[in-house]
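First up is the structure itself, then whatever we jot down about it.
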């Protein structure tokens with residue numbers, strides 16, 4: 347991984363934060379160092395170490411402040427939380443179960459457990475965040491939701507909750523992704539959303555985010571931007587983590603009850619990073635649990651055709667936040683590539699950048715070929731068709747299981763050997779972030 351240093355004063359956090367889980371005790375919070383310049387004042391921490399912030403035009407700052415204040419008030423309001431909990435249960439179908447794979451070709455010494463986010467209403471983890479943000483938008487008096495989408499899962503989730511709340515909805519989607527994710531486009535339109543193809547740039551997820559942000563800037567009064575990933579200017583990464591953390595809150599309890607211990611490793615795919623930060627959140631303080639993020643290595647990290655900013659990028663700014671970005675030698679954002687539309691993004695959320703910097707999480711690459719192979723293996727051996735995004739995490743889990751077996755019960759590259767040495771088995775929890783119906787045409791084209 348190549349990194350560059352950040353000028354002094356670009357790090358830590360605000361000087362006015364609440365106590366409790368959203369303040370100094372929050373995962374990723376870093377207190378200011380003596381003598382460092384302070385960023386503009388925010389209610390919640392705006393930085394994760396040296397990453398994050400609000401790298402946006404001044405005219406957008408009042409809207410971000412309004413969002414942050416509304417969010418902090420909402421999550422302190424029992425009425426808001428009660429409605430969120432009720433809809434999580436009755437609308438999204440939470441809690442989602444865990445499932446231990448029975449038939450995957452493992453060489454022994456490892457167990458792979460899936461957190462079944464593919465069973466969330468809408469087919470992916472994206473509903474967790476979309477529901478929370480839609481409730482917040484309604485509370486703020488907004489009339490219209492807009493969102494970006496890559497694979498169409500976040501667009502589907504936003505269209506779904508817009509219909510639930512009786513709100514207008516516009517989804518921005520790269521024209522390239524519209525073509526390869528047609529079933530999700532039809533689902534969005536069926537639920538009343540307007541899908542706007544974006545033809546600028548490489549017509550992918552980055553360009554969809556560009557279009558959605560531009561549209562939001564012109565309609566701040568009545569429009570709420572439901573940002574789908576754990577990136578963007580503060581407070582978006584914190585909002586997304588909060589609403590997605592239900593994944594790890596459930597899995598921690600479920601794994602503990604079933605196996606009487608925590609997993610040795612939690613594995614999740616990483617594009618912008620929303621499912622992974624949700625899968626990691628409740629384990630960040632448990633150093634014995636390895637956190638493994640899987641970036642799309644595309645055609646190889648040694649080629650220009652990948653989407654792995656942590657593994658092969660450097661520090662930069664994209665979409666209002668400082669993080670790792672795929673940049674050229676002259677500082678231009680490079681196009682990303684992945685067989686998975688939802689991972690096809692040239693940057694990553696700032697908390698993931700911080701977790702990588704501190705060594706708390708490990709980030710690796712899985713190629714298109716490895717992901718497609720894992721897609722087929724899980725489908726054939728377990729009868730579960732994973733999203734192509736999730737297939738990257740499944741591929742990495744299989745790799746870790748093989749390494750564990752070949753190393754004679756050493757935990758391989760998971761960064762954790764305590765449980766493996768004690769129990770002679772490696773317990774791997776994979777966040778299965780979505781289902782793969784949408785990817786059938788893409789996989790068929792890839793194999794042809």
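Residue numbers (the working numbering): 347 to 794. From the three backbone atoms N, C-alpha and C, an ideal C-beta is built for every residue, glycine too. Quick caveat, the model's predicted, so the values are computed rather than measured.
In the DSSP output, what is residue 444 paired with across the bridge? 461
Which same chain residues end up closer than 7 Å to residue 700 when comparing Cβ atoms and leaving out the 5 residues on each side of it in sequence? 374, 394, 395 and 397
Own chain residues within Cβ distance below 6 Å of residue 540, not counting five before or after: 516
Taking its Cβ as the centre, do 16 or more other Cβ atoms sit within 10 Å of residue 400, making it buried, or is it exposed? buried
Using 8 Å as the threshold, is the region 588–600 in touch with the region 624–636, meaning 3 or more CB pairs across them? yes
Please report the straight-line C-alpha distance between residue 644 and residue 406, rounded to a whole angstrom. 35 Å
What's the call for residue 766, buried or exposed, on a 16-neighbour Cβ count within 10 Å? Below a pLDDT of 50, predicted positions are generally treated as unreliable, and residue 766, at 41, falls in that range; the measurement from the model is reported next regardless. So residue 766 ends up on the buried side.
The alpha helix (DSSP H) enclosing residue 519, as first and last residue numbers: Where residue 519 is concerned, there is no enclosing alpha helix (DSSP H), although the beta strand (DSSP E) it sits in stretches over 514–520.
Considering only residues of the same chain and omitting the five flanking positions on each side of residue 670, which have a CB-CB separation below 6 Å? 655, 656, 659, 694 and 699
Roughly how many whole angstroms lie between the Cα atoms of residue 720 and residue 403? 43 Å
Under a three-way DSSP split, which group does residue 380 fall into? Below a pLDDT of 50, predicted positions are generally treated as unreliable, and residue 380, at 36, falls in that range; no measurement from the model is reported.
Beta-carbon proximity of residue 459 to residue 730, cut-off 8 Å: no
Please classify residue 586 as buried or exposed, where buried requires at least 16 neighbouring CB atoms within 10 angstroms. buried
For residue 727, does the count of other Cβ atoms within 10 angstroms reach 16, so buried, or fall short, so exposed? exposed
From 742, 687 and 732, residue whose alpha carbon lies closest to that of residue 552: 687
Span of the alpha helix (DSSP H) around residue 752: 734–752
From 440, 429 and 651, pick the residue whose C-alpha is nearest to that of residue 548; which is it? 651
Using the three-state DSSP reduction, which class does residue 651 fall into: helix, strand or coil? coil
In whole angstroms, what is the alpha-carbon distance linking residue 742 and residue 613? 8 Å
Rounded Cβ spacing between residue 570 and residue 511 (contact assumed at less than 8 Å): With a Cβ gap of about 10 Å, residue 570 and residue 511 do not count as contacting.
In the DSSP assignment, what residue or residues form a beta bridge with residue 571? 492
Spatial neighbours of residue 793 within its chain, please: C-beta separation below 6 Å, excluding the five flanking residues on both sides. none
Could you tell me the alpha carbon to alpha carbon distance between residue 753 and residue 632, rounded to whole angstroms? 24 Å
From residue 597 to residue 676, what distance separates their C-alpha atoms? 43 Å
Nearest candidate by alpha-carbon position, reference residue 470, set 682, 692, 638 and 624: 624
What number of angstroms, rounded off, separates the C-alpha of residue 636 from the C-alpha of residue 422? 31 Å
What are the boundary residues of the alpha helix (DSSP H) that includes residue 643? Unbroken run through residue 643 is the beta strand (DSSP E), 636–644; no alpha helix (DSSP H).
Short Cβ contact (8 Å threshold) for residue 461 with residue 444: yes
Within this structure, are the beta carbons of residue 477 and residue 438 separated by less than 8 Å? yes
Within a Cβ cutoff of 6 Å, which residues of the same chain sit near residue 788, ignoring the five residues on either side of it in sequence? 526
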